[in-house]
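Each residue of the sequence shown is one higher than the last, beginning at -17 in the working numbering.
We put the CB at the ideal spot given by N, CA and C, even for glycine.
Right, one structure below, let's go through it.
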Amino acid sequence: MQQCTIQGDMQSDRASEQYPTVNLCDDCVRREDAKGPDSAIVTKGGGYDPDLGDSCELCGVTVEEEKGN
Ligand SMILES: [Zn+2]
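Here is the structure:
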């Protein structure tokens, strides 16, 4: 799990909704990285941030579930 800035709602007027910072699981980061220029990930912010919630924004896997893999 790591904190990333992703492409969100481009129709929004708010930068925080256009480029939200969310937690993504390692699988989703790998999957997005594999898309190259089409990746939804704008920047990778480093470590997991519990303040952003305890589950992956894209697939919903939780920190506990990810550890259990
Ligand atoms: Zn995920």
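Cα-Cα separation, residue i to residue j
i, j, result
"residue 43", "residue 33", "16 Å"
"residue 48", "residue 10", "11 Å"
"residue 46", "residue -9", "28 Å"
"residue -3", "residue 39", "17 Å"
Beta-carbon gap between residue i and residue j smaller than 9 Å
i, j, result
"residue 50", "residue 5", "no"
"residue 22", "residue -11", "yes"
"residue 8", "residue -16", "yes"
"residue -13", "residue 2", "yes"
Bridge partners - residue i, DSSP secondary structure assignment
i, result
"residue 4", "-14"
"residue 37", "44"
Strictly closer than 6 Å from CB to any heavy atom of ligand 1: give me those residues in the order they appear in the chain. Counting every residue whose Cβ lies closer than 6 Å to a heavy atom of ligand 1, we get 6, 7, 9, 10, 38, 40, 41, 43.
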